[in-house]
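Participant:
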Amino acid sequence: MQLFFLLRRKPIQYFLFGLLLLAAGPLAYTFWDMPSVDSLPDTVLIPSVRITDRNGRLLYEIIPQEGGRNTVLSVENLSQCLKDATIAVEDKNFYTNPGVDLTGIIRALWINLRGGETIAGGSTITQQVARNLLMDEDERMERTLRRKLREAVLAWQMTRKLSKDEILALYLNQINYGGMAYGVEAASQTYFGKPASELLLPECALIAGLPQAPGVYNPFTNPDLAKNRQIIVLGVMEKEGYITPEERLSAEKTPLSFNPDPYPIEAPHFIWIIKNQLDQLTADGLLSSQQSLVVRTTLDLDAQHLAEETIKRRIDAFKQENETLSYNVNNAALVALDPHNGEILALVGSADFFDESIDGALNMATSPRQTGSAFKPFVYALALDPTRSNAWTVATPILDVSTTFTLRDGTPYTPVNYDGL
0 MQLFFLLRRK
10 PIQYFLFGLL
20 LLAAGPLAYT
30 FWDMPSVDSL
40 PDTVLIPSVR
50 ITDRNGRLLY
60 EIIPQEGGRN
70 TVLSVENLSQ
80 CLKDATIAVE
90 DKNFYTNPGV
100 DLTGIIRALW
110 INLRGGETIA
120 GGSTITQQVA
130 RNLLMDEDER
140 MERTLRRKLR
150 EAVLAWQMTR
160 KLSKDEILAL
170 YLNQINYGGM
180 AYGVEAASQT
190 YFGKPASELL
200 LPECALIAGL
210 PQAPGVYNPF
220 TNPDLAKNRQ
230 IIVLGVMEKE
240 GYITPEERLS
250 AEKTPLSFNP
260 DPYPIEAPHF
270 IWIIKNQLDQ
280 LTADGLLSSQ
290 QSLVVRTTLD
300 LDAQHLAEET
310 IKRRIDAFKQ
320 ENETLSYNVN
330 NAALVALDPH
340 NGEILALVGS
350 ADFFDESIDG
360 ALNMATSPRQ
370 TGSAFKPFVY
380 ALALDPTRSN
390 AWTVATPILD
400 VSTTFTLRDG
410 TPYTPVNYDG
420 L
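Residue 0 is where the sequence shown starts when you use numbering that gives the first Met the number 0, and the numbers rise one by one after that.
So this is what it looks like as structure tokens:
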């Protein structure tokens with residue numbers, strides 16, 4: 000009787016308590032293994048390694064096979080134009096929302112209650128950062144209410160922990176822009192061949208429009224679609240008050256100059272030497288394959304270009320001077336050192352690295368071969384060393400005649416000049 004009396008007196012409370020018990024299971028399943036925003040990484044990408052000459056000019060960028068080109072920028076080095084374009088097209092309420100698109104969450108709940116599939120899209124910038132940096136690949140691919148709720152909670156926690164500019168920097172440093180470019184710096188270098196800090200409004204609008212569908216809007220493969228997307232972004236920027244109508248029209252009419260060589264390589268034989276050294280340092284545990292590196296070398300790019308031009312010019316001249324002779328000279332190498340410290344200023348391993356007919360990829364500057372007359376100064380230097388008891392002097396007579404030497408195995412050896420005399 001007492002139990003019946005309690006149930007009659009407090010039916011609503013017990014009903015709510017029952018609902019709470021029913022909800023406890025799904026809630027525990029949804030949130031029990033949530034990742035922590037305290038362990039938020041700058042990026043989940045393996046960063047690129049940039050190799051530069053002695054003056055900081057890019058020679059080559061080693062792009063990891065597991066991801067793509069990526070260079071992390073600080074908040075201070077992010078272009079305001081690029082930030083404005085991104086916020087306008089991706090999350091216009093970024094600076095005022097709690098990190099979560101409440102309308103999108105409610106829509107997902109409603110679709111789920113009706114038994115439909117939770118659709119993607121509509122995520123805030125903060126939600127996208129939470130999804131990409133804190134969730135594993137399998138969970139990121141889910142189209143479920145559970146993932147949407149977990150993403151929202153993580154985004155809300157992130158907003159309470161980080162400033163909006165810090166969150167925006169995380170987004171701009173890791174989002175996929177297509178063309179193997181992750182992050183705005185990589186995108187700027189890939190598509191326009193310059194740092195992201197130097198992007199102009201038309202370029203910012205194009206790059207900001209890429210993340211929605213990087214493969215579709217890639218300007219290298221779909222220039223018309225990329226242009227249409229840029230115009231849409233510029234229109235949204237005007238609507239949100241970031242630019243004036245005049246600025247929009249001017250940006251739309253400005254022709255874009257794309258990078259003709261998005262993946263350049265300078266001094267390829269030298270680069271391969273550096274890359275092998277980096278691989279060895281990594282294998283020895285002295286470098287981490289997960290860290291972002293800028294390797295400044297001793298090479299002088301101006302000297303390198305001069306050396307390459309000299310090699311090609313001398314080979315062409317030699318062929319013309321000896322066109323009736325069958326010397327078959329079609330390759331050469333050159334190394335220029337700083338005599339004060341031995342630093343490599345230029346290294347040309349062949350006349351053309353990419354010419355298979357001359358085995359251009361073979362580094363003739365380091366491959367073992369006969370030294371020829373290049374070794375004579377070292378022999379003479381030793382012979383003229385005054386500290387030797389039998390040192391030569393400038394007065395020592397040397398017979399310029401054919402001479403036969405007997406090798407250790409008894410074989411006679413008679414050196415001859417290049418022309419056979």
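Glycine included, every Cβ here is placed at the ideal spot set by N, Cα and C.
Bear in mind that the values here come from a model prediction, so they are computed numbers and not experimental data.
If you measure between the beta carbons of G208 and I231, is that distance less than 8 Å?
Facilitator: By 1-based counting over the sequence shown, the position of residue 208 is 209. By 1-based counting over the sequence shown, the position of residue 231 is 232. In contact: G208 and I231 (Cβ atoms closer than 8 Å).
Participant: Give the list of continuous alpha helix (DSSP H) stretches no shorter than 4 residues that lie fully inside the segment 201–251.
Facilitator: 222–238
Participant: Quick one: what does DSSP say N175 is sitting in, helix, strand or coil?
Facilitator: Taking the first residue of the sequence shown as position 1, residue 175 is located at position 176. N175 falls in the strand class under three-state DSSP.
Participant: List the residues that DSSP assigns as beta-bridge partners of Y379.
Facilitator: In the sequence shown, residue 379 corresponds to position 380, counting from 1. Bridge partners of Y379: none, in fact.
Participant: Taking the alpha-carbon positions, what's the A335 to L248 distance?
Facilitator: Within the sequence shown, the letter at position 336 stands for residue 335. Within the sequence shown, the letter at position 249 stands for residue 248. About 52 Å.
Participant: Could you spell out the range, first to last residue, of the beta strand (DSSP E) harbouring L292?
Facilitator: Here residue 292 refers to the residue found at position 293 when the sequence shown is read from its first residue. Unbroken beta strand (DSSP E) run through L292: 292–295.
Participant: Taking three-plus beta-carbon pairs below 8 Å as touching, is the segment 70–79 in contact with the segment 193–201?
Facilitator: Segments in contact, yes.
Participant: Does I264 come out as helix, strand or coil in the three-state DSSP assignment?
Facilitator: As a first step, residue 264 must be located in the sequence shown, where it is residue number 265. Looking at I264 - three-state DSSP - the assignment turns out to be coil, as it is neither helix nor strand.
Participant: Candidates K147, G348, V293, G284: which alpha carbon is nearest E308's?
Facilitator: Numbered from its first residue, the sequence shown carries residue 308 at position 309. When C-alpha distances from E308 are compared across K147, G348, V293, G284, the shortest belongs to G348.
Participant: Specify, as a first and last residue, the run of the alpha helix (DSSP H) that I397 falls within.
Facilitator: For this step, residue 397 is matched to residue 398 along the sequence shown. First-last for I397: undefined, no H or E at that position.
Participant: I'd like to check one pair, C203 with A87: are the Cβ atoms closer than 8 Å?
Facilitator: Here residue 87 refers to the residue found at position 88 when the sequence shown is read from its first residue. Here residue 203 refers to the residue found at position 204 when the sequence shown is read from its first residue. No, they are not a contact pair.
Participant: So for T370, helix, strand or coil by DSSP?
Facilitator: Stepping through the sequence shown from its first residue, residue 370 is reached at position 371. It is coil, neither helix nor strand.
Participant: For my contact list, A185 and I206 are in at a C-beta cut-off of 8 Å; report their separation, rounded to the angstrom.
Facilitator: Within the sequence shown, numbered from 1, the residue matching residue 185 stands at position 186. Within the sequence shown, numbered from 1, the residue matching residue 206 stands at position 207. Not a contact, Cβ separation roughly 10 Å.
Participant: Roughly how far, in whole angstroms, is the beta-carbon of T296 from the beta-carbon of T51, given that I think they are within contact range, below 8 Å?
Facilitator: Locating residue 296 in the sequence shown gives position 297, where the first residue counts as 1. Locating residue 51 in the sequence shown gives position 52, where the first residue counts as 1. The Cβ separation is near 7 Å, so the contact holds.
Participant: Report yes if the C-beta distance between I314 and V328 is below 8 Å; otherwise report no.
Facilitator: Locating residue 314 in the sequence shown gives position 315, counting from the first residue. Locating residue 328 in the sequence shown gives position 329, counting from the first residue. Result yes, Cβ atoms of I314 and V328 sit closer than 8 Å.
Participant: Report buried or exposed for Y190, applying the criterion of at least 16 other Cβ atoms within 10 angstroms of its Cβ.
Facilitator: To locate residue 190, count along the sequence shown from 1; it is residue 191. So Y190 counts as buried.
Participant: Thinking P154 and V99 are a contact (beta carbons under 8 Å), I'd like their distance in whole angstroms, please.
Facilitator: For the purposes of this step, residue 154 is identified with residue 155 of the sequence shown, where counting begins at 1. For the purposes of this step, residue 99 is identified with residue 100 of the sequence shown, where counting begins at 1. One detail in the question is off: residue 154 reads as Ala in this sequence, not Pro. Contact flag correct, Cβ pair sits at about 5 Å.
Participant: Which residue from I242, K252, K238 puts its Cα closest to that of N227?
Facilitator: In the sequence shown, residue 227 corresponds to position 228, counting from 1. Minimum Cα distance to N227 is reached at K252.
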